[in-house]
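Quick notes on the structure that follows.
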């Protein structure tokens, strides 16, 4: 009777090398259409995430700017209500409008930079989608050729006369 230290006469596991275990994943049994579909969906999702994240940044920046401008307008109105001379009023208004014009210009430049960044990131995502589309067309061509060969081989086996 074999103990743990000595093996059976027919136990060959000690002599055999360890077999490498393949790494199994969901993609091992996937068709090529599944892989292409997954890449396409991932590309579209990336574009959507980019659009929404940049839209959120632009909206936050816009709301911060509007809030800042509202406070500046209220402060200007308070200051104007305390003016006694027309010259003082004109000086305050001139300073207010020049500062406002500069702030609007800076805000526009920020928004334009956000738009450029968003456009650049989406252009990269579109390029990935374009590569996926080219791969899809290639794979569909291969699949069409394979199905044509299968159909031709099936029709050839049906046409063979029985001997």
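Numbering (the working numbering), first residue to last: 8 to 170. Every residue gets a Cβ at the ideal spot worked out from N, C-alpha and C, and that includes glycine.
I want to know whether the region 137-148 touches the region 44-63 - three or more CB-CB distances under 8 Å.
yes
Helix, strand or coil: which one does DSSP assign to residue 159?
As a position in the chain shown, residue 159 is number 152, starting the count at 1. Helix at residue 159.
Whole angstroms are fine: how far does the CA of residue 114 sit from the CA of residue 131?
Residue numbering aside, residue 131 sits at position 124 when the chain shown is read from its first letter. Residue numbering aside, residue 114 sits at position 107 when the chain shown is read from its first letter. Computed Cα separation, rounded: 26 Å.
Quick check on the burial criterion: 16 or more other C-beta atoms within 10 angstroms. Buried or exposed for residue 55?
Looking up residue 55 in the chain shown gives position 48. With fewer than 16 Cβ atoms within 10 Å of its Cβ, residue 55 is classed as exposed.
Mapping DSSP to helix, strand and coil, what is residue 38?
On the chain shown, residue 38 is found 31 positions in, with the first residue counted as 1. In this structure, residue 38 counts as coil in the three-state DSSP scheme.
Assigned exposure category for residue 50 - 16 Cβ within 10 Å defines buried
Indexing the chain shown from 1 puts residue 50 at position 43. Buried, because 16 or more other Cβ atoms sit within 10 Å of the Cβ of residue 50.
Are the Cβ atoms of residue 39 and residue 150 separated by less than 9 Å?
The sequence position of residue 39 within the chain shown is 32, counting from 1. The sequence position of residue 150 within the chain shown is 143, counting from 1. Yes, these two residues count as a Cβ contact at 9 Å.
Is the region 94-112 touching the region 69-80, taking contact as three or more C-beta pairs under 8 Å?
yes
Shortest alpha-carbon distance to residue 104 belongs to which of 60, 69, 129 and 82?
Within the chain shown, the letter at position 97 stands for residue 104. The residue with the shortest Cα to Cα distance from residue 104 is 82.
If you draw a straight line from the alpha carbon of residue 6 to that of residue 156, how long is it in whole angstroms?
For residue 6 there is no data in the structure shown, the boundaries of the chain being 8 and 170.
If you draw a straight line from the alpha carbon of residue 72 to that of residue 58, how long is it in whole angstroms?
Translated into positions along the chain shown, residue 72 becomes position 65. Translated into positions along the chain shown, residue 58 becomes position 51. Roughly 21 Å separates the two Cα atoms.
Could you check the C-alpha separation between residue 119 and residue 159 for me, to the nearest Å?
Within the chain shown, residue 119 is the residue found at index 112, counting from 1. Within the chain shown, residue 159 is the residue found at index 152, counting from 1. Cα to Cα, the separation comes out at about 59 Å.
With respect to 8 Å, is the separation between the Cβ of residue 163 and the closest non-hydrogen atom of the ligand GDP below this value?
Only the bare structure without any ligand can be found here, which leaves the ligand GDP out of the picture.
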